[in-house]
Amino acid sequence: SNSFNQLTFIIVCIVTVLLLGITIIADGYLSYRTLGSYLLLGWSRSSFALRHLMPILVSELAVYPLVCIVMSLFTHGFIWNIQLLMQALIIALPVIAVVLLLSALVILMIISVKPVDAIRNRITKRGMLIALALVYAIASTCVLEGVHSIDGPIGELAKSVEVARMWHPVLNQRIMYHHLVGQDGASVSGQSTQYAKDAFAWYRSIEDKPGVRLIYTSFFDADILQDWRNGSVYKHVPSKPFWSFVASPKYLQDQGFTVDSDVKNLARQGVRIYFIPDTYNPQEQTSMRQWLQESDNLTSTDVSTKFTAHPQFAFRTYHPSREWFNWSTDIHHKVMVKDPIIFYATSDNLNASESESLLAGGLDNSYIKLNDQAAARYLSDAYTARYHLDDNHLQFLQVGECIAGYQKTIMQTLQLFGSVILLITLLMLILLIAIIAMFAACYQESIAVKRLLGFSLLRIFSMPFLLVGLVQGVLFIIASIERTRSGMIYVLISAIIEFILLTIQTYYLSNKHITSMVKE
């Protein structure tokens with residue numbers, strides 16, 4: 001899913017920032033050992049920095065062609081062109097940007113060293129301290145964005161729980177869940193419609209059998225209707241939002257919706273028959289009829305029906321006296337609908353879109369509904385082989401099983417990335433410990449003296465406390481602007497943990513420096 005891909009990308013960026021940051025900065029700090037020797041040989045600090053970082057910068061350039069090679073291996077029908085090269089560059093940009101930024105920090109660290117200090121090997125740790133603080137701030141921001149991305153899966157999980165509650169009356173109904181490509185690779189790639197033809201023939205053979213129902217619903221809200229008007233998509237647009245039901249005679253019969261015999265005969269002749277609520281006024285009925293006729297004639301298909309061969313329409317009115325289950329996963333809609341537009345659907349009067357979508361899968365997209373007995377009978381290899389579908393292994397699952405499977409996938413995703421974010425958070429704490437230790441090493445004597453004079457830890461280690469407070473404060477503001485509840489909770493928890501860690505670490509280091517000074 002998009003959420004999963006976005007989450008993966010952000011997690012990779014976080015790990016990249018942390019690993020590259022610690023590696024490049026640590027490598028830059030180690031280079032201080034040889035800086036003095038190079039200065040004695042006449043090198044400038046900038047020349048030394050560029051020479052030291054040149055292997056890193058050269059290896060960075062290899063990222064771009066490497067991405068191109070990977071794309072060529074995993075992209076079907078890959079052809080070199082400007083568009084794909086630009087896509088590869090966009091993918092490589094985060095890594096390139098991180099390396100350039102960190103390399104610039106190392107160069108600044110080296111240039112800031114005084115030549116005399118370098119020759120005498122008296123290297124200050126302040127440059128590295130600043131660099132580590134910047135890495136901490138950047139990585140913390142990346143972690144927040146990773147946590148923000150988890151809002152999507154969490155929202156989907158909450159939605160699935162609500163959908164399970166809404167769909168409780170139909171949890172035992174079976175819907176299309178999965179199928180194999182089998183020998184229909186050309187159909188999957190869009191080069192053939194044979195799979196759709198086979199699916200249509202299979203459904204046609206069972207549509208009147210016990211336990212087989214067809215129901216598909218759509219809701220067209222005011223925004224959609226306005227977009228149609230603004231874009232001149234249709235000459236005629238319905239005047240108000242409405243529900244559209246594509247329902248088989250068996251399904252309508254189950255709902256207590258009775259029709260006259262002439263309706264059945266017309267439907268079998270390929271006439272599309274629509275039932276419009278009599279609560280619509282004459283003008284609303286007219287605009288609805290005009291749109292239905294226009295929209296049903298827009299596309300052609302290789303799956304021929306009597307309707308597609310000779311399009312004909314008939315309209316009836318009905319009095320809304322009951323409510324209908326909406327078969328929608330949109331939790332913002334009411335579960336029951338009172339006045340849908342009902343299409344009396346048979347295999348003879350389906351249009352192009354419907355005839356090619358009979359085996360669409362998922363809660364929202366499925367057309368065909370089966371009970372357990374019908375599934376056992378009409379999904380067997382012996383039966384589907386008659387219609388060349390045995391190699392596709394059609395899998396119809398109960399609605400409850402589909403929802404449970406979806407929830408399990410989301411939970412696994414959350415557990416996986418929750419574990420990764422926990423690991424990254426631990427790395428962040430280790431980085432923070434390194435910053436505190438570096439700060440204590442830079443100001444060892446000052447810390448010991450101030451501690452003996454009774455200064456508070458907050459005053460002695462004001463810079464680390466200020467760094468954490470400032471970073472966490474900015475992150476909380478960002479999380480508030482992005483309205484990410486997970487992000488705000490994470491920032492609060494991480495701030496508490498980091499301040500506790502700061503207090504413990506500073507207390508330990510200050511006492512350690514006092515002991516060292518007394519011994520000396």
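Once you know that position 381 of the sequence shown is 381 in my numbering, the rest is easy, because the numbers rise by one and skip nothing.
Using N, Cα and C, we set each Cβ at its ideal position, and we do this for glycine too.
Excluding five sequence neighbours on each side, which residues of the same chain lie with their C-beta closer than 6 Å to the C-beta of residue i?
i	result
serine 218	Ser244
phenylalanine 343	Val246, Tyr274
asparagine 351	Asp296
histidine 388	Asp198
glutamine 395	Tyr177, His178
tryptophan 228	Tyr234, Val237
alanine 437	none
Is DSSP giving residue i helix, strand or coil here?
i	result
phenylalanine 396	strand
tyrosine 508	helix
alanine 345	coil
tryptophan 291	helix
lysine 209	coil
isoleucine 175	strand
glutamine 415	helix
arginine 322	coil
lysine 306	helix
arginine 386	helix
tyrosine 274	strand
arginine 316	strand
isoleucine 154	helix
phenylalanine 455	coil
lysine 197	helix
leucine 370	strand
tryptophan 243	strand
serine 218	strand
valine 337	strand
glutamate 356	coil
isoleucine 331	coil
proline 311	coil
serine 486	helix
On the CB-based measure, 16 or more other CB atoms within 10 Å of its CB, does residue i come out buried or exposed?
i	result
glutamate 145	buried
aspartate 330	exposed
asparagine 392	buried
asparagine 349	buried
proline 340	buried
arginine 527	Residue 527 lies beyond the residue range present for the chain, which begins at 1 and ends at 520; the question has no answer from this structure.
lysine 334	exposed
alanine 376	exposed
serine 135	For the sequence presented, residue 135 should be read as valine rather than serine. It is buried - the Cβ of valine 135 has at least 16 other Cβ atoms within 10 Å.
CA-CA distance, residue i and residue j?
i	j	result
lysine 450	isoleucine 460	7 Å
proline 238	aspartate 278	15 Å
arginine 174	histidine 168	13 Å
alanine 139	phenylalanine 417	16 Å
aspartate 223	leucine 422	42 Å
leucine 214	methionine 428	54 Å
aspartate 372	glycine 211	8 Å
glutamine 194	tyrosine 490	52 Å
proline 282	leucine 225	19 Å
glutamate 162	methionine 288	32 Å
isoleucine 497	threonine 425	10 Å
proline 249	leucine 358	16 Å
arginine 171	lysine 369	The question names arginine, but residue 171 in the sequence shown is leucine. Each residue's Cα considered, the two are about 11 Å apart.
tyrosine 251	glycine 473	58 Å
valine 106	leucine 50	10 Å
serine 304	lysine 338	33 Å
serine 462	serine 160	47 Å
threonine 141	leucine 475	7 Å
alanine 434	glutamine 444	15 Å
arginine 45	leucine 53	12 Å
serine 261	phenylalanine 313	17 Å
tyrosine 216	isoleucine 410	26 Å
leucine 397	alanine 164	14 Å
With a CB to CB cut of under 7 Å and the five nearest residues on each side skipped, what residues in its chain are close to residue i?
i	result
phenylalanine 48	Leu35, Tyr38, Ile110
glycine 487	Leu144, Val147, His148, Ala479
serine 510	Ile447, Arg451, Leu457, Ile460
alanine 201	Tyr387
lysine 306	Gln269, Gly270, Asp348, Asn349
phenylalanine 315	Tyr274, Ile276, Arg289
leucine 266	Ile273, Ala314
Leaving out the 5 sequence neighbours to the left and right, which residues in its chain are closer than 8 Å to residue i when beta-carbon positions are compared?
i	result
glutamate 284	Pro238, Ser239, Lys240
threonine 503	Leu457
Validate contact between the segment 317-326 and the segment 242-255 using beta carbons, cut 8 Å, 3 pairs | Of all C-beta pairs linking the segment 317-326 to the segment 242-255, three or more are shorter than 8 Å, placing the two stretches in contact.
Between the segment 389-403 and the segment 465-479, are three or more C-beta pairs nearer than 8 Å?
-> Taking 8 Å as the limit for Cβ pairs, the verdict is that the segment 465-479 does not touch the segment 389-403.
Quick one: any contact between the segment 373-388 and the segment 147-158, if contact means 3 or more CB pairs under 8 Å?
-> Contact fails: fewer than three Cβ-Cβ distances are below 8 Å.
Using 8 Å as the Cβ pair cut-off and three pairs as the minimum, do the segment 156-166 and the segment 405-412 touch?
-> With the cut-off at 8 Å, the segment 156-166 and the segment 405-412 touch.
Are three or more beta carbon pairs between the segment 428-441 and the segment 220-236 nearer than 8 Å?
-> Contact fails between the segment 428-441 and the segment 220-236, because fewer than three Cβ pairs, one in each stretch, are under 8 Å apart.
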